[in-house]
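Student: Take a look at this one; I'll ask things after.
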Amino acid sequence: METADIVVIGAGAVGLAVAETLSRTRPRASLIVIERQDSFGREASSRNSEVVHAGIYYPNGTLKARLCVRGKEMLYSFLAEHEIPHRRVGKLIVASTQEEIGLLEELAAQARKNGVTDLEMLSPARIAELEPNIKAEAALYSPSTGILDTHAYMKTLAALAEKRGALFAYGAEVTGIEKSGDRYTVRVRDADGEELHISAEAVVNCAGLASDAVAAMAGIDIDRADYRLHLSKGEYFSIQGLPRWALSHLVYPVPGTTWLGIHTVIDLQGQIKLGPNAFFTDTVDYTVDPAHAEEFFKAAVRYLPFLKRESLVPDMAGLRAKLQKPGERFRDFVIVNESERGLPGFINCVGIESPGLTSSLAIAEYVAEIL
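Position one of the sequence shown corresponds to residue 1498 (our numbering), numbered consecutively onward.
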């Protein structure tokens, strides 16, 4: 049987941030990271918009609000320190009708409560100066929103943790967790089908799409705890024929009640795509339905008047692990030491969807505090 002080389950952005943080703040602790894929960040962390969010949308006092605002500053500092490609492109949340302007004002008030103090309401004339190719009655401008190279970020986190002695087990899937006295036995099946046992003082569940299943392995009734996840699929379409940096800012619509809406996505090379949409699914499927191009066109042409339906080409898709059920408006992150359930030292990170990437370092900091 292998032994470790801490086992981290999952090597997405959050699991890697936790591994990096714990390897730095607890240098004497032995640490093993278990990942079922053959490398880090192969699931939700590599299939998203790669946006550094400002912390605008989330109810005041929630973990999503607090950790996004804190995480944004931590992330920008980390990216600069380690020379990881990123860019503060800024974001325009646009009102397409006069009626939506009031919603922008409510959003700005919400953001101020969260500590986001750099927002600016823009007139059509000012919008035209920043983005002459979009159409809007007004816009809320977020200068601190940005984009990053997520793969380079995760690669750096993994390298730092490994340099400090953390061990990574890729192609290894957790099959069971048992509490044994004051320790946990984590059962793992490796890439060859062999079963291994790891004895650990603490376990941090950062398993993303499988985080509810991992919680259940530890004996938690995930329905009673309200930890059961619901997979939400998001598709992206690229815009053919559009020159690089045809838009210099991210452009978002006024958000709906359950998601942010179809928006522009800009990568560090200036390539532009649209997405994501959002719909619940029961299957892990990363194909993009070409028929959904019509939905994307109708949503985006309201603020991108130059858009042509035939220019939209299927690009990629991702899955989010959402705690909120269909029709439910908001659920916060679950980040908790399960000591009240008789599992001291077992940390659950469940339902870490957007803004999980932005919040990753702040989530790791919080995990280190409650561990």
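We put the CB at the ideal spot given by N, CA and C, even for glycine.
Where does the unbroken beta strand (DSSP E) through T1500 begin, and where does it stop?
Tutor: Run containing T1500: E1499 to I1506, per the beta strand (DSSP E) assignment.
Student: Distance, Cα to Cα, D1723 vs F1843?
Tutor: 17 Å
Student: Compute the Euclidean distance between the alpha carbons of T1855 and H1550, then round it to the nearest angstrom.
Tutor: 6 Å
Student: Would you tell me roughly how many angstroms separate the C-alpha atoms of P1841 and S1696, rounded to the nearest one?
Tutor: 15 Å
Student: Is it buried or exposed, M1571, if we count other Cβ atoms within 10 angstroms and call 16 or more buried?
Tutor: By the neighbour-count criterion, in which 16 or more other beta carbons inside 10 Å mark a residue as buried, M1571 falls on the buried side.
Student: In angstroms, rounded to a whole number, what distance separates the CA positions of Q1768 and E1807?
Tutor: 17 Å
Student: For the alpha helix (DSSP H) holding E1578, just list the boundary residues, first then last.
Tutor: L1560 to E1578
Student: Do you know how far the Cα of A1688 is from the Cα of M1498?
Tutor: 17 Å
Student: Going by the CB atoms, is the gap between R1680 and P1750 shorter than 9 Å?
Tutor: no
Student: Which whole-angstrom value describes the C-beta separation of P1556 and D1646, a residue pair presumed to lie in contact below a C-beta threshold of 8 Å?
Tutor: Wrong, their Cβ atoms sit about 30 Å apart, outside the cutoff.
Student: Tell me whether the beta-carbon of K1632 lies closer than 9 Å to the beta-carbon of V1586.
Tutor: no
Student: If you run the structure through DSSP and keep just helix, strand and coil, what is K1632?
Tutor: coil
Student: Where do the N-terminal and C-terminal ends of the beta strand (DSSP E) with A1666 fall, by residue?
Tutor: Start and end: L1664 to Y1667.
Student: Please give the ranges of any alpha helix (DSSP H) in the segment 1640-1705, keeping only runs that are unbroken, at least 4 residues long and fully inside the region.
Tutor: Within the segment 1640-1705, the complete alpha helix (DSSP H) runs of at least 4 residues are 1647-1660.
Student: Quick one: Cα of A1706 to Cα of G1815, how far?
Tutor: Ala is not the amino acid found at residue 1706; the sequence shown has Leu there. Going from the Cα of L1706 to the Cα of G1815 covers about 11 Å.
Student: Please classify A1479 as buried or exposed, where buried requires at least 16 other C-beta atoms within 10 Å of its C-beta.
Tutor: Summary: the structure shown does not reach residue 1479, with the chain confined to residues 1498 through 1868, and so no result is reported for it.
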